[in-house]
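Using this note's numbering, you'd call the opening residue of the sequence shown number 323 and step up by one each time.
Below is one structure, written out as structure tokens; comments come after it.
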Amino acid sequence: MQELCLNNMPQLPYAMEEAINRLRVNVNFLGNNIRKIMLVSAMINEGKSTVSMHLWRQMAESGIRSVLLDADLRKSVISDQYDIQIKGSKSVVKHSDRKNLFGTSHYLSGDGPLEEVIYKTQFASGDIIPNFNNIINPSLLLESDRFKDMLDQLADQYRFVFVDAPPLNLVSDGERLGHYCDGAILIVHAGVTSKRLIRNCIGQLERAGCPLLGIVLNRVEGGRPGYYNKHYGKYYYGKYYYGKYYYGNEVPYYSEKK
Ligand SMILES: Nc1ncnc2c1ncn2[C@@H]1O[C@H](COP(=O)(O)OP(=O)(O)O)[C@@H](O)[C@H]1O
Ligand SMILES: [Mg+2]
């Protein structure tokens, strides 16, 4: 198994680290049958990837074996945002070299063993399955038996499988994924996502037979303005896709620039 180092793992501001910590404690109390947990939202940019990454990290840091599965195959951010480096190599993986690495979409479209796409990380109890190749139409891959088997195998090996899912309101992938998971945590961008969209999401999860485990109200404005960004230094949390990101081929319902 190869080892990846996530070089750019930002230190969260205290309030957010604490909020994730409370979420981690609550997840621990969900009972032994809840192992495959999808983090989902109505739209892009609500914080699914951020919350799943830090929930996974904290769980691993607390010694509970967890794997993070990057399943938003149209818009994976793990390899972009975290300056990944293969252990033993001298530098971070360049954008042009990523296609040579194996990740979620490779596994789902090929027939190599699952071990090929699971990477150890600097967190002893935390492994990760990143996606290195974004694809335009991953629906067929996500509804395949291979995906279901993958989740089941992971749930045998790890106490928690955190699935960073695609947004529910744009494509149907999220709903399918929900069908294979034990429950979902819904991430809501505070003050931005409408009640109607949230209700739709809850309805979609119900249809998928995926219990709603909880809702995270993310990106709540508070404290001094700029507080969050200041702590993130040059990575400037919060405006990564500012108004110019399009999800796959779809036109977004909203952009952050409102
Ligand atoms: N609590 C937060 N406060 C500030 N910025 C955040 C927060 N959560 C996420 N972000 C930022 O919002 C953007 C979208 O987050 P991301 O996790 O990639 O969303 P998604 O996976 O739902 O598309 C990123 O630039 C991320 O850094
Ligand atoms: Mg994401």
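Idealized CB from N, CA, C, for every residue including glycine.
Please read all numbers here as calculations on a predicted model, not as lab measurements.
At a threshold of 8 Å, does residue i count as lining ligand 2 (C-beta to nearest heavy atom)?
i           : result
residue 371 : yes
residue 402 : no
Checking 9 Å against the spacing of the C-beta atoms, do residue i and residue j come in under that value?
i           : j           : result
residue 512 : residue 527 : no
residue 499 : residue 331 : no
residue 439 : residue 461 : no
residue 451 : residue 389 : yes
residue 374 : residue 454 : no
residue 443 : residue 327 : yes
residue 540 : residue 519 : no
residue 415 : residue 381 : no
residue 325 : residue 410 : yes
residue 515 : residue 323 : no
residue 536 : residue 508 : yes
residue 476 : residue 391 : yes
residue 362 : residue 533 : no
residue 387 : residue 449 : yes
residue 495 : residue 430 : no
residue 357 : residue 467 : no
Do residue i and ligand 1 come close, with the Cβ less than 8 Å from some heavy atom?
i           : result
residue 399 : yes
residue 368 : yes
residue 455 : no
residue 330 : no
residue 489 : yes
residue 381 : no
residue 384 : no
residue 363 : yes
residue 486 : yes
residue 394 : yes
residue 540 : yes
residue 360 : no
residue 450 : no
residue 537 : no
residue 509 : yes
residue 323 : no
residue 472 : no
According to DSSP, residue i sits in a beta bridge with which residue or residues?
i           : result
residue 485 : 360 and 391
residue 539 : 510
residue 442 : 325 and 449
residue 505 : 359
residue 534 : 506
For residue i, report the span of its alpha helix (DSSP H) as first-last.
i           : result
residue 414 : From DSSP, residue 414 is part of no alpha helix (DSSP H); its letter is neither H nor E.
residue 475 : 467-479
residue 407 : Careful: residue 407 lies outside any alpha helix (DSSP H), inside the beta strand (DSSP E) at 406-408.
residue 498 : 495-502
residue 523 : 517-530
residue 370 : 370-383
residue 338 : 336-350
residue 400 : 400-403
residue 423 : That residue, residue 423, is in no alpha helix (DSSP H); it is neither H nor E in DSSP.
residue 464 : 461-464
Could you spell out the range, first to last residue, of the beta strand (DSSP E) harbouring residue i?
i           : result
residue 326 : 326-328
Closer than 8 Å to a non-hydrogen atom of ligand 4 - does that hold for the CB of residue i?
i           : result
residue 495 : In the structure on display, ligand 4 does not appear, and the ligands it does have are ligand 1 and ligand 2.
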